[in-house]
Amino acid sequence: MATARLRKAFRYPDDSGDEEHEREELDEEEQDLVIERLRAQNNKRNAEYTVNDSFQKLSL
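Under UniProt numbering, the first residue of the sequence shown carries the number 1, and numbering increases by one thereafter.
Below is the structure:
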């Protein structure tokens, strides 16, 4: 099994020191959770478009 590695967001060296808007790095578990949420949203939208497209084809 490969070792887990923490991904760090790219930042230009001269970024402002505004820590209020600074993003935290996501660990592997958090990344998986975000991916699952996005996958679920995508599947829901695909289903909505499929139903809508089917109704449009029937009305032609």
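Beta carbons are placed, not taken as given, at the ideal position from N, Cα and C, and that holds for glycine.
- Taking 8 angstroms as the cut-off, the beta carbon of Arg7 is found closer than this to the beta carbon of Glu25.
- The alpha carbon of Arg5 has as its nearest neighbour, out of Val34, Arg11, Glu29, the alpha carbon of Glu29.
- In the three-state reduction of the DSSP assignment, Ala4 falls in the coil class.
- If you look at Glu30, you'll find it in the alpha helix (DSSP H) that goes 28 to 58.
- Gln56 and Tyr49 have their C-alpha atoms roughly 10 angstroms apart.
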